[in-house]
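**Student:** Residue numbers (the working numbering): 43 to 299.
A virtual CB, placed ideally from N, CA and C, is assigned to each residue, including glycine.
Spelled out as C-alpha coordinates, the structure:
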(Lines of atoms letter the chains of each structure in order from A and count residues from 1; the text may use other names and numbers.)
(Lines give C-alpha, C1' and ligand atoms only; values in the text may rest on other atoms or scores of the structure.)
Protein backbone atom coordinates (compact mmCIF):
# COMPACT_ATOMS: atom_id res chain seq x y z
CA UNK A 1 0.00 0.00 0.00
CA UNK A 2 1.14 3.54 -0.78
CA UNK A 3 1.04 6.56 1.50
CA UNK A 4 0.49 9.99 -0.05
CA UNK A 5 1.96 12.78 2.09
CA UNK A 6 1.20 16.48 1.75
CA UNK A 7 4.49 18.40 1.89
CA UNK A 8 3.95 21.50 -0.21
CA UNK A 9 2.42 24.18 2.01
CA UNK A 10 4.02 27.43 3.08
CA UNK A 11 3.98 26.78 6.84
CA UNK A 12 3.38 30.46 7.57
CA UNK A 13 2.58 29.91 11.26
CA UNK A 14 6.06 28.44 11.68
CA UNK A 15 7.82 31.19 9.73
CA UNK A 16 10.76 31.14 12.15
CA UNK A 17 11.69 27.75 10.64
CA UNK A 18 10.15 27.78 7.17
CA UNK A 19 11.80 30.80 5.55
CA UNK A 20 14.48 28.51 4.10
CA UNK A 21 12.79 25.09 4.00
CA UNK A 22 9.33 23.54 3.75
CA UNK A 23 7.67 22.68 7.04
CA UNK A 24 8.00 18.88 6.61
CA UNK A 25 11.79 19.42 6.62
CA UNK A 26 11.79 21.19 9.99
CA UNK A 27 13.74 18.93 12.31
CA UNK A 28 12.72 17.12 15.47
CA UNK A 29 15.70 15.51 17.18
CA UNK A 30 17.93 16.27 14.20
CA UNK A 31 15.64 14.55 11.67
CA UNK A 32 12.95 16.19 9.50
CA UNK A 33 9.44 15.62 10.81
CA UNK A 34 8.80 14.05 7.39
CA UNK A 35 11.35 11.35 8.30
CA UNK A 36 9.45 10.65 11.52
CA UNK A 37 6.21 10.25 9.56
CA UNK A 38 7.80 7.84 7.09
CA UNK A 39 9.20 5.82 9.99
CA UNK A 40 5.72 5.65 11.54
CA UNK A 41 4.22 4.22 8.34
CA UNK A 42 7.17 1.93 7.72
CA UNK A 43 6.66 0.38 11.16
CA UNK A 44 3.24 -0.73 9.88
CA UNK A 45 4.61 -2.15 6.63
CA UNK A 46 3.82 0.87 4.42
CA UNK A 47 7.05 1.64 2.55
CA UNK A 48 5.88 3.11 -0.76
CA UNK A 49 5.50 6.90 -0.50
CA UNK A 50 4.23 9.60 -2.84
CA UNK A 51 5.23 12.99 -1.48
CA UNK A 52 3.36 16.05 -2.75
CA UNK A 53 5.99 18.79 -3.02
CA UNK A 54 5.41 22.48 -3.54
CA UNK A 55 7.04 25.33 -1.62
CA UNK A 56 10.83 24.78 -1.72
CA UNK A 57 10.30 21.20 -2.86
CA UNK A 58 13.91 21.02 -4.03
CA UNK A 59 14.96 20.84 -0.36
CA UNK A 60 13.03 17.58 0.01
CA UNK A 61 14.48 16.23 -3.24
CA UNK A 62 18.02 17.07 -2.13
CA UNK A 63 17.45 15.38 1.22
CA UNK A 64 16.44 12.07 -0.33
CA UNK A 65 19.05 12.34 -3.11
CA UNK A 66 21.70 12.58 -0.38
CA UNK A 67 20.01 10.36 2.20
CA UNK A 68 23.08 8.22 2.85
CA UNK A 69 25.14 11.36 3.42
CA UNK A 70 22.65 12.56 6.01
CA UNK A 71 22.42 9.21 7.81
CA UNK A 72 25.89 7.63 7.57
CA UNK A 73 29.55 8.26 8.29
CA UNK A 74 31.40 9.40 5.16
CA UNK A 75 35.05 9.66 4.09
CA UNK A 76 35.94 12.16 1.35
CA UNK A 77 39.29 11.42 -0.32
CA UNK A 78 39.99 14.84 -1.79
CA UNK A 79 43.18 13.78 -3.61
CA UNK A 80 41.46 11.08 -5.67
CA UNK A 81 38.02 12.71 -5.77
CA UNK A 82 36.44 9.69 -4.10
CA UNK A 83 33.72 9.30 -1.50
CA UNK A 84 33.20 6.27 0.74
CA UNK A 85 30.00 5.79 2.74
CA UNK A 86 30.43 3.75 5.93
CA UNK A 87 27.69 1.67 7.57
CA UNK A 88 24.90 2.60 5.18
CA UNK A 89 21.63 2.94 7.04
CA UNK A 90 19.22 1.83 4.36
CA UNK A 91 15.46 2.07 4.67
CA UNK A 92 13.03 -0.18 2.77
CA UNK A 93 11.41 2.86 1.19
CA UNK A 94 10.36 3.72 -2.33
CA UNK A 95 9.91 7.50 -2.40
CA UNK A 96 8.30 9.35 -5.31
CA UNK A 97 8.56 13.15 -5.14
CA UNK A 98 5.96 14.99 -7.22
CA UNK A 99 5.87 18.74 -7.86
CA UNK A 100 2.22 19.58 -7.15
CA UNK A 101 2.58 23.36 -7.49
CA UNK A 102 3.43 26.16 -5.11
CA UNK A 103 -0.15 27.37 -4.69
CA UNK A 104 -2.24 24.17 -4.89
CA UNK A 105 -4.62 23.42 -2.04
CA UNK A 106 -4.68 20.08 -0.20
CA UNK A 107 -7.27 18.47 -2.46
CA UNK A 108 -5.55 19.90 -5.53
CA UNK A 109 -2.29 18.26 -4.52
CA UNK A 110 -4.02 14.90 -4.11
CA UNK A 111 -5.60 15.30 -7.54
CA UNK A 112 -2.16 16.02 -9.05
CA UNK A 113 -0.84 12.62 -7.86
CA UNK A 114 -4.01 10.71 -8.84
CA UNK A 115 -2.20 8.64 -11.48
CA UNK A 116 0.06 7.14 -8.79
CA UNK A 117 -2.86 5.70 -6.78
CA UNK A 118 -5.78 5.47 -9.21
CA UNK A 119 -5.41 1.72 -9.76
CA UNK A 120 -4.74 0.77 -6.14
CA UNK A 121 -7.28 -0.96 -3.91
CA UNK A 122 -6.71 1.76 -1.29
CA UNK A 123 -4.01 4.15 -0.15
CA UNK A 124 -3.03 6.14 2.93
CA UNK A 125 -3.09 9.93 2.93
CA UNK A 126 -1.77 12.31 5.57
CA UNK A 127 -0.22 15.66 6.36
CA UNK A 128 3.53 16.22 6.43
CA UNK A 129 3.58 18.05 9.76
CA UNK A 130 2.04 15.84 12.43
CA UNK A 131 2.98 12.74 14.44
CA UNK A 132 0.95 10.22 16.40
CA UNK A 133 1.00 6.74 17.89
CA UNK A 134 -2.10 5.88 15.85
CA UNK A 135 -2.33 2.20 14.89
CA UNK A 136 -2.06 2.57 11.11
CA UNK A 137 -2.42 -1.18 10.54
CA UNK A 138 -5.70 -1.20 12.46
CA UNK A 139 -6.93 1.83 10.49
CA UNK A 140 -6.19 0.01 7.22
CA UNK A 141 -7.99 -3.12 8.44
CA UNK A 142 -10.98 -1.02 9.55
CA UNK A 143 -11.14 0.63 6.13
CA UNK A 144 -11.12 -2.71 4.32
CA UNK A 145 -13.87 -4.05 6.55
CA UNK A 146 -16.40 -1.23 6.15
CA UNK A 147 -16.03 -0.87 2.37
CA UNK A 148 -16.76 2.88 2.25
CA UNK A 149 -14.71 5.33 0.19
CA UNK A 150 -12.86 7.07 3.02
CA UNK A 151 -11.60 6.53 6.55
CA UNK A 152 -10.55 9.51 8.66
CA UNK A 153 -8.67 9.18 11.92
CA UNK A 154 -10.76 10.98 14.53
CA UNK A 155 -8.92 12.17 17.62
CA UNK A 156 -9.10 14.70 20.42
CA UNK A 157 -7.20 17.92 19.72
CA UNK A 158 -4.66 19.97 21.57
CA UNK A 159 -6.32 22.79 19.58
CA UNK A 160 -9.36 23.22 17.34
CA UNK A 161 -9.57 21.54 13.95
CA UNK A 162 -12.33 20.02 11.79
CA UNK A 163 -15.07 18.63 14.09
CA UNK A 164 -16.99 15.46 13.32
CA UNK A 165 -20.49 14.26 14.11
CA UNK A 166 -20.20 10.47 14.42
CA UNK A 167 -22.99 7.90 14.71
CA UNK A 168 -21.61 4.44 15.29
CA UNK A 169 -18.48 4.61 13.15
CA UNK A 170 -20.08 6.60 10.32
CA UNK A 171 -19.35 10.31 9.96
CA UNK A 172 -22.65 12.15 9.38
CA UNK A 173 -21.23 15.65 9.02
CA UNK A 174 -17.89 17.44 8.80
CA UNK A 175 -17.27 21.08 9.77
CA UNK A 176 -13.85 22.68 9.52
CA UNK A 177 -12.55 24.56 12.59
CA UNK A 178 -15.87 25.05 14.44
CA UNK A 179 -16.32 26.73 17.79
CA UNK A 180 -17.34 24.52 20.67
CA UNK A 181 -15.80 21.90 22.91
CA UNK A 182 -15.54 18.17 23.39
CA UNK A 183 -15.82 17.08 19.75
CA UNK A 184 -13.36 14.76 18.09
CA UNK A 185 -11.50 16.32 15.20
CA UNK A 186 -9.86 15.48 11.90
CA UNK A 187 -6.51 13.96 12.85
CA UNK A 188 -5.54 13.11 9.28
CA UNK A 189 -4.04 9.64 8.76
CA UNK A 190 -6.68 8.79 6.17
CA UNK A 191 -7.16 5.51 4.36
CA UNK A 192 -8.86 6.14 1.03
CA UNK A 193 -10.34 4.33 -1.93
CA UNK A 194 -9.41 5.80 -5.32
CA UNK A 195 -13.13 6.62 -5.58
CA UNK A 196 -12.40 9.78 -3.57
CA UNK A 197 -10.55 11.18 -6.59
CA UNK A 198 -13.97 11.82 -8.18
CA UNK A 199 -14.64 14.35 -5.41
CA UNK A 200 -11.67 16.53 -6.42
CA UNK A 201 -12.12 19.38 -8.90
CA UNK A 202 -8.86 21.29 -9.50
CA UNK A 203 -5.85 22.89 -7.80
CA UNK A 204 -8.14 25.12 -5.72
CA UNK A 205 -9.91 22.17 -4.09
CA UNK A 206 -9.48 22.12 -0.31
CA UNK A 207 -9.69 18.49 0.83
CA UNK A 208 -11.07 19.50 4.24
CA UNK A 209 -13.99 21.42 2.72
CA UNK A 210 -16.21 20.22 -0.15
CA UNK A 211 -14.70 16.72 -0.65
CA UNK A 212 -14.96 15.65 3.00
CA UNK A 213 -18.34 17.35 3.39
CA UNK A 214 -19.70 15.55 0.31
CA UNK A 215 -18.21 12.22 1.39
CA UNK A 216 -19.92 12.62 4.76
CA UNK A 217 -23.28 13.55 3.22
CA UNK A 218 -23.00 10.60 0.81
CA UNK A 219 -22.41 8.21 3.73
CA UNK A 220 -18.92 7.38 2.45
CA UNK A 221 -16.80 8.81 5.30
CA UNK A 222 -16.02 6.62 8.29
CA UNK A 223 -14.22 7.38 11.56
CA UNK A 224 -11.33 5.38 12.96
CA UNK A 225 -11.22 6.66 16.53
CA UNK A 226 -7.83 7.27 18.11
CA UNK A 227 -7.59 8.34 21.74
CA UNK A 228 -3.81 8.19 22.09
CA UNK A 229 -1.08 10.69 21.28
CA UNK A 230 -1.59 13.09 18.36
CA UNK A 231 0.29 16.33 17.80
CA UNK A 232 0.60 18.63 14.78
CA UNK A 233 3.57 20.98 14.39
CA UNK A 234 1.82 24.24 13.55
CA UNK A 235 3.82 26.69 15.66
CA UNK A 236 7.24 27.12 17.22
CA UNK A 237 5.66 26.14 20.53
CA UNK A 238 4.54 22.82 19.00
CA UNK A 239 8.05 22.21 17.65
CA UNK A 240 9.59 22.88 21.06
CA UNK A 241 7.12 20.48 22.68
CA UNK A 242 7.95 17.71 20.19
CA UNK A 243 11.69 18.35 20.64
CA UNK A 244 11.30 17.98 24.40
CA UNK A 245 9.41 14.69 24.02
CA UNK A 246 12.07 13.33 21.65
CA UNK A 247 14.92 14.42 23.93
CA UNK A 248 13.25 12.68 26.87
CA UNK A 249 13.60 9.33 25.06
CA UNK A 250 9.86 8.77 25.47
CA UNK A 251 8.42 10.22 22.27
CA UNK A 252 4.98 8.55 22.00
CA UNK A 253 5.07 8.38 18.21
CA UNK A 254 8.36 6.45 18.14
CA UNK A 255 6.85 3.00 17.83
CA UNK A 256 9.69 1.64 15.70
CA UNK A 257 12.87 0.04 17.05
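Go through the region 66–108 residue by residue and report every complete run of the alpha helix (DSSP H) that reaches 4 residues or more, in order.
**Tutor:** 75–85, 99–107
**Student:** If we count the other Cβ atoms within 10 Å of its Cβ and call it buried at 16 or more, is residue 298 buried or exposed?
**Tutor:** Numbered from its first residue, the chain shown carries residue 298 at position 256. Label assigned to residue 298: exposed.
**Student:** Could you pull out every unbroken beta strand (DSSP E) segment of at least 3 residues lying fully inside the region 148–173, listed in chain order?
**Tutor:** 165–169
**Student:** Are the Cβ atoms of residue 231 and residue 174 separated by less than 8 Å?
**Tutor:** As a working mapping, residue 231 is identified with position 189 in the chain shown. As a working mapping, residue 174 is identified with position 132 in the chain shown. At a Cβ-Cβ threshold of 8 Å, residue 231 and residue 174 count as neighbours.
**Student:** State the CB to CB distance for the pair residue 95 and residue 140, rounded to an integer number of angstroms; the pair is presumed to be in contact (CB under 8 Å).
**Tutor:** Stepping through the chain shown from its first residue, residue 95 is reached at position 53. Stepping through the chain shown from its first residue, residue 140 is reached at position 98. Indeed they touch by this definition, with Cβ atoms about 6 Å apart.
**Student:** Do the CB positions of residue 266 and residue 294 come within less than 8 Å of each other?
**Tutor:** For the purposes of this step, residue 266 is taken as the residue at position 224 of the chain shown. For the purposes of this step, residue 294 is taken as the residue at position 252 of the chain shown. For residue 266 and residue 294, no; Cβs fall outside 8 Å.
**Student:** Below 7 Å CB to CB, which residues in the same chain sit around residue 258 once its five sequence neighbours on both sides are set aside?
**Tutor:** Locating residue 258 in the chain shown gives position 216, where the first residue counts as 1. Closer than 7 Å at Cβ, skipping near neighbours: 213, 214, 215, 216.
**Student:** Which of the three DSSP states, helix, strand or coil, is assigned to residue 255?
**Tutor:** Against the chain shown, residue 255 aligns to sequence position 213. It is helical.
**Student:** Going straight from the alpha carbon of residue 2 to that of residue 191, what length do you get?
**Tutor:** Any question about residue 2 goes unanswered here, given that the chain covers just 43 to 299.
**Student:** Which one of 166, 209, 169, 68 has the shortest CA to CA distance from residue 226?
**Tutor:** Within the chain shown, residue 226 is the residue found at index 184, counting from 1. Nearest of 166, 209, 169, 68 to residue 226, Cα basis: 209.
**Student:** Which whole-angstrom value describes the C-beta separation of residue 98 and residue 63, a residue pair presumed to lie in contact below a C-beta threshold of 8 Å?
**Tutor:** By 1-based counting over the chain shown, the position of residue 98 is 56. By 1-based counting over the chain shown, the position of residue 63 is 21. At roughly 6 Å, the Cβ-Cβ gap stays under 8 Å, so residue 98 and residue 63 are in contact.
**Student:** Report yes if the CB atom of residue 207 is closer than 8 Å to the CB atom of residue 264, and no otherwise.
**Tutor:** Taking the chain shown and counting its residues from 1, one reaches residue 207 at position 165. Taking the chain shown and counting its residues from 1, one reaches residue 264 at position 222. Going by C-beta atoms, residue 207 is not nearer than 8 Å to residue 264.
**Student:** In three-state DSSP terms, what is residue 262?
**Tutor:** Indexing the chain shown from 1 puts residue 262 at position 220. Residue 262: coil per DSSP, three-state reduction.
**Student:** Taking 6 Å as the limit between beta carbons, can you name the residues of its chain near residue 58, skipping five residues before and five after?
**Tutor:** Walking along the chain shown from the start, residue 58 turns up at place 16. Result list for residue 58: 278, in chain order.
**Student:** Can you name, in chain order, every residue of its own chain whose Cβ lies under 7 Å from the Cβ of residue 86, other than the five neighbours on each side?
**Tutor:** Here residue 86 refers to the residue found at position 44 when the chain shown is read from its first residue. 178, 179.
**Student:** Please classify residue 288: does DSSP put it in a helix, a strand, or coil?
**Tutor:** The sequence position of residue 288 within the chain shown is 246, counting from 1. In this structure, residue 288 counts as helix in the three-state DSSP scheme.
**Student:** What's the C-alpha gap between residue 16 and residue 176?
**Tutor:** Outside the displayed span of the chain (43 to 299) sits residue 16, for which this structure offers no information.
**Student:** Going by DSSP in three states, residue 133 sits in which element: helix, strand or coil?
**Tutor:** Walking along the chain shown from the start, residue 133 turns up at place 91. It is coil, neither helix nor strand.
**Student:** Pick out whichever of 149, 142, 110 has its Cα sitting closest to the Cα of residue 132.
**Tutor:** One-based indexing of the chain shown puts residue 132 at position 90. In this structure, 110 is the residue among 149, 142, 110 with its C-alpha nearest to the C-alpha of residue 132.
**Student:** Of all the options 102, 79, 171, which has the alpha carbon lying nearest to the alpha carbon of residue 54?
**Tutor:** Here residue 54 corresponds to residue number 12 of the chain shown, with the count starting at 1. Of the candidates 102, 79, 171, the one whose C-alpha sits nearest the C-alpha of residue 54 is 171.
**Student:** Note down the Cα distance separating residue 290 from residue 71, rounded to an integer number of angstroms.
**Tutor:** Here residue 290 refers to the residue found at position 248 when the chain shown is read from its first residue. Here residue 71 refers to the residue found at position 29 when the chain shown is read from its first residue. Roughly 10 Å between the two C-alpha positions.
**Student:** Looking only at DSSP bridge pairs, what is residue 192 linked to?
**Tutor:** As a first step, residue 192 must be located in the chain shown, where it is residue number 150. 234, 263, per the DSSP bridge assignment.
**Student:** Do residue 158 and residue 92 have their CB atoms nearer than 8 Å?
**Tutor:** On the chain shown, position 116 is the one that residue 158 refers to. On the chain shown, position 50 is the one that residue 92 refers to. Taking 8 Å as the Cβ cut-off, residue 158 and residue 92 qualify as a contacting pair.
**Student:** Does DSSP put residue 48 in a helix, in a strand, or in coil?
**Tutor:** Working through the chain shown from its first residue, we reach residue 48 at position 6. Strand, per DSSP.
**Student:** Comparing C-alpha positions only, which one of 262, 235, 45 sits nearest to residue 164?
**Tutor:** Sequence index remark: in the chain shown, residue 164 carries index 122 (1-based). The residue with the shortest Cα to Cα distance from residue 164 is 235.
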